[in-house]
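Peer 1: Protein sequence lines, in the order shown, are assigned to chains B and L.
Start counting the first sequence at 1; every next residue gets the next number (this note's numbering).
Start counting the second sequence at 396; every next residue gets the next number (this note's numbering).
Heads up, the beta-carbon is just placed ideally off N, CA and C, and yes, glycines get one too.
Here the structure is a predicted model, which is why all the values come from computation and not from measurement.
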Amino acid sequence: MTTDYTAALEAAPTPPIPATETAPASHRLDVRFTGSGSEYFRIWIVNVLLLLVTLGLYWPWAKARRLRYFYANTVVGGHPLVFHGDPRQMFKGFVLVLALFGAYTVATNTSVTATLIAVSAIGVLWPALFQRSMRFRLGNTSWRGLRMRFTGSVQDAYLALAPMVVVGVFGVASPLLQEQAADNKQWILWTAMASILVATVVLPIAFWRLKGYQHRNFGWGPIQTELRLRLQSLYWLGLKVAGIYVLLIVAIVFLGFGVFSVAMTSGDKGGAASVLLGLGLIAVLIVVGPVAWAFITSRWQNLLWSATGNDAMGFSSALRASALLKVTLLNGLFLVLTLGLYWPFAVVAKTRLRLQAVALEFTTDPDTLVAQAVVDGGGATGDAAADFLGVDVGL
Amino acid sequence: MSQSPHPLPALYFDGRHARPHPVELWLRDGVLHVRGEGVALQLSERSIQWPERTRHGGRTAALAEGGMVQALDVAQWDAWVQASGRHESWVVRAQQNWRSVALFGLLLVGLLVAMQQWGLPVASRVLARALPAGVEAAVGESTLSTLDSQLLEPSAIAPAEQARLQEALRQVLPPAVAGESPPWQVVFRKSRIGPNALALPGGTIIVTDALVALVGEDVPVLAGVVAHEWGHVRHQHGMRMLLQATVLGAVWTVLFGDTSGVLASVPLLLGQAQYSRQAEREADEAAVQVLRRAKMSPAVMVRFFNKLADHRKQQDAAKQEDWSARIGIAFSSHPSDAERVAFFEAAAAQPLPSSP
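1) Taking C-beta to C-beta, are B:LEU227 and B:ARG216 nearer than 8 Å?
2) Using only CA atoms, which one of L:ASP613, L:PRO570, L:GLN631 and L:ALA694 lies nearest to L:TYR670?
3) Output, in chain order, the set of chain B residues within a Cβ distance shorter than 8 Å of L:SER463.
4) Can you tell me whether L:ALA405 is helix, strand or coil according to DSSP?
5) Can you grab the Cα-Cα spacing for the pair L:ASN701 / L:LEU609, in whole Å?
6) Please report how far the alpha carbon of B:GLY56 lies from the alpha carbon of B:PRO87, in whole angstroms.
7) By DSSP's criteria, B:SER317 is part of a beta bridge. Which residues make up the other side?
8) If you draw a straight line from the alpha carbon of L:ARG450 to that of L:SER442, how long is it in whole angstroms?
9) Distance, Cα to Cα, B:ASN140 vs L:ILE601?
10) Scan the region 92-105 of chain B for residues whose Cβ lies nearer than 8 Å to a Cβ of chain L and list them as they occur along the chain.
11) Grab the span of the alpha helix (DSSP H) containing B:ILE45 for me, first residue to last.
12) Using CA atoms only, rank isn't needed, just tell me which of L:GLU680, L:LYS585, L:GLN673 and L:VAL614 is closest to L:TRP625.
13) Can you give the Cα-Cα distance for L:GLY598 and L:PRO615, rounded to whole angstroms?
14) Given a cut-off of 8 Å, decide if L:HIS416 and L:LEU403 are closer than it, judged by their beta-carbon atoms.
15) Report yes if the CB atom of L:SER439 is closer than 8 Å to the CB atom of L:GLY425, and no otherwise.
16) Can you find at least 3 beta carbon pairs, one from the region 287-301 of chain B and one from the region 323-336 of chain B, that sit closer than 8 Å?
17) Measure from the alpha carbon of L:HIS482 to the alpha carbon of each residue in L:ASN492, L:GLU447 and L:VAL496, then state which is nearest.
18) List the DSSP bridge partners of L:LYS585.
19) Is the CB-CB distance between L:ALA401 and B:VAL370 below 8 Å?
20) Compare the Cα-Cα distances from B:TRP44 to each of B:ALA349, B:LEU353, B:THR351 and B:TRP343 and report the closest residue.
21) Please state whether DSSP places L:GLN398 in a helix, a strand or coil.
22) Since L:HIS401 meets chain B, which of its residues come closer than 7 Å, beta carbon to beta carbon?
23) Assuming B:PHE150 and B:MET134 form a contact by the criterion Cβ under 8 Å, report the distance between their Cβ atoms to the nearest whole angstrom.
24) Under the rule that 16 or more other beta-carbon atoms within 10 Å means buried, what is L:GLY611, buried or exposed?
25) Quick one: which residues of the region 342-361 of chain B get their C-beta closer than 7 Å to a C-beta of chain L? List them in chain order.
26) The beta strand (DSSP E) that contains B:ASP30, what's its start and end?
27) Between B:ALA357 and B:LEU319, which are expected to be in contact by the criterion C-beta below 8 Å, what is the C-beta distance as a whole number of angstroms?
28) Looking at L:VAL685 and L:VAL581, is the spacing between their C-beta atoms short of 8 Å?
29) Flag this pair as touching only if the region 559-574 of chain L and the region 524-542 of chain L have three or more C-beta atom pairs under 8 Å; answer yes or no.
30) Between the Cα of L:VAL646 and the Cα atoms of B:GLY37, B:LEU52 and B:SER38, which residue gives the shortest distance?
31) Hey, is B:ASP367's beta-carbon within less than 8 Å of any beta-carbon in chain L?
32) How far does the beta strand (DSSP E) with L:GLU815 in it extend, from its first residue to its last?
33) Run through the DSSP bridge pairs and tell me what B:PHE218 is partnered with.
34) Select from the region 424-440 of chain L all residues with a C-beta closer than 8 Å to any C-beta belonging to chain B, and list them in chain order.
35) Which residues in the same chain have their Cβ closer than 6 Å to the Cβ of L:GLU734, if we skip the five residues on either side of it in sequence?
36) Rounded to the nearest angstrom, what separates B:ILE205 and B:GLU361 at their Cα positions?
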């Protein structure tokens, strides 16, 4: 009987496994930049002429047009961004920045004390201006009909940006004070040590706090981002950059030594070889800066944006340093060859590369998302922009 | 009044939900009608922020009530907007047309050249004259203290000798008269920069010990050199150069905000060098006037250049001597020595003004 049962069981066809509910595919949205260099060149030429003719007063309109073009060509998941900023409101911020810059220039040409006072005053004002300009910029950006917002407060701005202000003031003040101190050896030693400390330890902290403040307060619809970036990652990145510099300096030293020894030993016969080595040395020198910059920028962008998001959505950035380096070097070459006229093309090429490296992932269909109830009491989302000071300080 | 020949399919976002709704747009009698499933809006055409026409990029019109309409097909949108009778601004038309861009480009180059040759120098001259004297004096003091801490040391010339030279200079240079002649003072310094004289904003003229040694007993030559520096003070060249350099730098930043470093500095240097040569010529002319008024022949300056040439040969600096001519006059901050000698010789050939 058992054998019959077993045989029957073995003979029966296996029943189909009920299809388990596969996890809903997350919605991956890519970022495309559709702008063209030749078109931006046309916009840029007209902008520059109007700027000169109006002695610079046209600046807010020029900037608004540029932002509108770049936003309209930034297509996220098939829908473009929109810039709503009113140039007339931006004009107020523009005048403010001009006044501050003018006061600073006068102060630098007057005396050291005046410069220090001016720098400190700007340092004190900067976090408030930064917060205002972030609110303006984000509040005037929309995607899929929903406005973005910046939720950071002025108090948080001061707390988060304080290290950066300290670094900035120190950076300007220490060379000035060194001049004053002249031959005071101890003072020079102290300021040198302080500079090294600031550059290696404080600067990463300052950046981390600044970016944390920014990336924690981006809002769109019901979504507010966080920044899950560990301070150690910044130190690690700094270390890698230092490593690159060391490698390049070693390469330069080797090449330099090679040129020197060839020139010393071969005399006339070594002429061609030493010229080649010399050219190689120059090539490395030209390339050092862009290589380090391409590495830092791409790694920083990837680090920062891949850590931005929350449980509902996240960014990812996969910018390759080699691609960025190639674009940077080509841009530099064409800029020199065209005496600078290539600039609009260069900007478009760089922007395309950096934007298209970014992608968004939503756990729910973005179609279903709804605007956050407006809490700042500005009425309809369209009116909120008018509540802002309209200070866009060009960040 | 705008009238659409046919409706335009588009997407509507209500500003509260991220989902787009397909709609049709009509323009009739200055009113935009938006019709779709669950959407029926009538908005004044003027209250809408219409997007500008570009070859690339989306079109989104922001509505006053918080929503927006977005083009499904950009070319279709542009055609519909034009057919409905809406006009676009001349700026947009200029940007989208290569011929007008070429024209704008030419105008731009012309304007930049005019600014650099004429506009900027005139503006800086006016501004420098309008600045209160205290500002210039403050800039000069600050520059002097910087130079004293870096390049200059107290003079090694005996005080009695300094006083003698100062008295001789007072005989030649015009005294300060409000509105006519600027206040000036000569200070002596020892420096490794060799024989040189500098005029700072505010009227301080620095003369190096090496220059006094070069001139030797030929005090009229010293007077000529200081008269040239006085010319710089009279024309406020120091302040004007500072203002011009600041504006040039600002314009360059506006044009090429992103590029930095050497590429940006080259045209800046070229521009400033040209202003500087013009300033040197003006100072030479002022020196001639001062010398003639003091009944001295401008030929003293020719003697100065000869002494300078001898000095350079002695220093075995013959290699660097004419590098400015080789590298091209473009980068030199002074007109060539030959040009200046020719100028002074021509001035000396003219008869001195008859005695009163």
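Peer 2: In this structure, then:
1) For B:LEU227 and B:ARG216, yes; Cβs fall inside 8 Å.
2) It is L:GLN631.
3) The displayed chain sequence assigns Met, not Ser, to residue 463 of chain L. Going along chain B in sequence order, the residues near L:MET463 (Cβ under 8 Å) are VAL82, SER142 and GLY145.
4) In this structure, L:ALA405 counts as strand in the three-state DSSP scheme.
5) Taking the Cα positions, L:ASN701 is about 11 Å away from L:LEU609.
6) Roughly 14 Å separates the two Cα atoms.
7) B:SER317 is bridged to B:VAL358.
8) Distance between the alpha carbons of L:ARG450 and L:SER442: 25 Å.
9) Cα to Cα, the separation comes out at about 56 Å.
10) Taken in chain order, the members of the region 92-105 of chain B whose beta-carbon sits within less than 8 Å of a beta-carbon on chain L are THR105.
11) For B:ILE45, the enclosing alpha helix (DSSP H) has its first and last residue at 37-53.
12) Cα-wise, what sits closest to L:TRP625 is L:GLU680.
13) So the two alpha carbons sit approximately 21 Å from each other.
14) With respect to L:HIS416, L:LEU403 sits apart: the two C-beta atoms are not nearer than 8 Å.
15) Yes, Cβ-Cβ distance for L:SER439 and L:GLY425 is below 8 Å.
16) Using a Cβ-Cβ distance cut-off of 8 Å, the region 287-301 of chain B and the region 323-336 of chain B are in contact, since at least three pairs of beta carbons, one from each stretch, lie closer than that value.
17) For L:HIS482, the nearest C-alpha among the options comes from L:GLU447.
18) In the DSSP output, where bridge partners are listed per residue, L:LYS585 has L:GLU548.
19) The sequence as given places His at residue 401 of chain L; Ala does not occur at that position. Cβ distance not < 8 Å, so L:HIS401 and B:VAL370 don't count as in contact.
20) B:TRP343 is the residue among B:ALA349, B:LEU353, B:THR351 and B:TRP343 whose C-alpha sits nearest the C-alpha of B:TRP44.
21) It is a strand residue.
22) Near L:HIS401 there are no residues of chain B at all, since even the closest Cβ is about 25 Å away, more than 7 Å.
23) That belief holds up - the Cβ atoms of B:PHE150 and B:MET134 are roughly 4 Å apart, short of 8 Å.
24) L:GLY611 is exposed by the Cβ-count criterion.
25) Of all residues in the region 342-361 of chain B, only TRP343 and VAL347 place a beta-carbon less than 7 Å from a beta-carbon of chain L.
26) Looking at the DSSP string, the run of the beta strand (DSSP E) that includes B:ASP30 is 27-33.
27) Here B:ALA357 really is in contact with B:LEU319; their C-beta atoms are around 4 Å apart, less than 8 Å.
28) No, the Cβ-Cβ distance between L:VAL581 and L:VAL685 is not below 8 Å.
29) A contact between stretches requires three or more CB pairs, one per stretch, nearer than 8 Å, and the region 559-574 of chain L fails this requirement with the region 524-542 of chain L.
30) Closest option to L:VAL646, Cα to Cα, is B:LEU52.
31) For B:ASP367, the nearest CB of chain L lies under 8 Å from its own CB, placing it at the interface with that chain.
32) Residue 815 of chain L cannot be examined here, being either before or after the span of chain L that is shown, 396 to 751.
33) DSSP lists B:PHE150 as partners of B:PHE218.
34) Listed by position, the residues of the region 424-440 of chain L near chain B (Cβ gap below 8 Å) amount to none.
35) Counting only Cβ-Cβ distances below 6 Å, and skipping sequence neighbours, we find nothing.
36) Their Cα atoms are separated by approximately 29 Å.
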